[in-house]
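If you read the sequence shown in the working numbering, its first letter stands for residue 6, the second for the next number, and so on.
C-beta atoms are modelled at their ideal positions from N, C-alpha and C, and glycine is treated no differently.
Given the structure is predicted, the values throughout are model-derived calculations rather than measurements.
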Amino acid sequence: QVQLVESGGGSVQPGGSLRLSCVASGNIISIGTMAWYRQAPGKGRELVARINTYYATTYADSVKGRFTITRDNAKNTMSLQMDSLKPEDTAVYYCNTWPSGPHWGQGTQVTVSS
6 QVQLVESGGG
16 SVQPGGSLRL
26 SCVASGNIIS
36 IGTMAWYRQA
46 PGKGRELVAR
56 INTYYATTYA
66 DSVKGRFTIT
76 RDNAKNTMSL
86 QMDSLKPEDT
96 AVYYCNTWPS
106 GPHWGQGTQV
116 TVSS
């Protein structure tokens, strides 16, 4: 089973940027569509963006125009460039397949606050 490990979170002020990375232990082409999810305090986990093996992308309305999801099939990695961050983007961010598999990593914390 391919394992996914997230990194790149941190604390930024509103309007700032962060880049999250997801490294897979195996071939992500075999995984198919990959996605970023997030879970804010007291809320359920939600889909942020997904990208298939042909690089077609889909975004949640709340992040459209601000976040960019990419993948590198040769390096078995996926990234999420987050710009114009807002306090409501504060959450733990996870990478997983889409639809999501049963196993979740530790995630990476993103905090947007002045």
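Task: Reduced DSSP category for Ser35 - H, G, I as helix; E, B as strand; rest coil - done: For the purposes of this step, residue 35 is taken as residue 30 along the sequence shown, with counting starting at 1. In this structure, Ser35 counts as helix in the three-state DSSP scheme.
- [ ] Report buried or exposed for Leu29, applying the criterion of at least 16 other Cβ atoms within 10 angstroms of its Cβ.
- [x] Along the sequence shown, read from residue 1 onward, the residue named residue 29 stands at position 24. The sequence as given places Ala at residue 29; Leu does not occur at that position. Classification for Ala29: buried.
Open item on the list: Alpha carbons only, please: which of Tyr59, Thr73 and Ser119 is nearest the one belonging to Ala65?
Closed with: As a first step, residue 65 is located in the sequence shown; it is residue number 60 there, counting from the start. When only C-alpha atoms are compared, the closest one is Thr73.
TODO: Run through the segment 52–87 for me and flag every whole beta strand (DSSP E) of 3 or more residues, listed as ranges in chain order.
DONE: 62–64, 72–77 and 82–87
- [ ] Assuming Leu90 contacts Gly14 (C-beta within less than 8 angstroms), just tell me the rounded distance between them.
- [x] Translated into positions along the sequence shown, residue 90 becomes position 85. Translated into positions along the sequence shown, residue 14 becomes position 9. The Cβ separation is near 11 angstroms, so there is no contact.
TODO: Taking 8 angstroms as the cut-off, decide whether the C-beta atoms of Val17 and Val117 are in contact.
DONE: As a first step, residue 17 must be located in the sequence shown, where it is residue number 12. As a first step, residue 117 must be located in the sequence shown, where it is residue number 112. The answer is yes: Cβ separation under 8 angstroms.
Task: Same chain, Cβ closer than 6 angstroms to Asp88, neighbours up to 5 away in sequence not counted - done: For the purposes of this step, residue 88 is identified with residue 83 of the sequence shown, where counting begins at 1. Cβ neighbours of Asp88 beyond the five flanking positions: Ser22 and Arg71.
Open item on the list: Just to check my reading of the structure: Glu11 and Thr82 have Cβ atoms closer than 8 angstroms, yes? What is that Cβ distance to the nearest angstrom?
Closed with: On the sequence shown, position 6 is the one that residue 11 refers to. On the sequence shown, position 77 is the one that residue 82 refers to. Contact flag wrong, Cβ pair sits at about 11 angstroms.
TODO: Round the Cβ separation of Pro19 and Pro92 to the nearest angstrom and send it over; I've been treating them as touching at under 8 angstroms.
DONE: Indexing the sequence shown from 1 puts residue 19 at position 14. Indexing the sequence shown from 1 puts residue 92 at position 87. Rounded, the Cβ-Cβ distance is 6 angstroms, consistent with contact.
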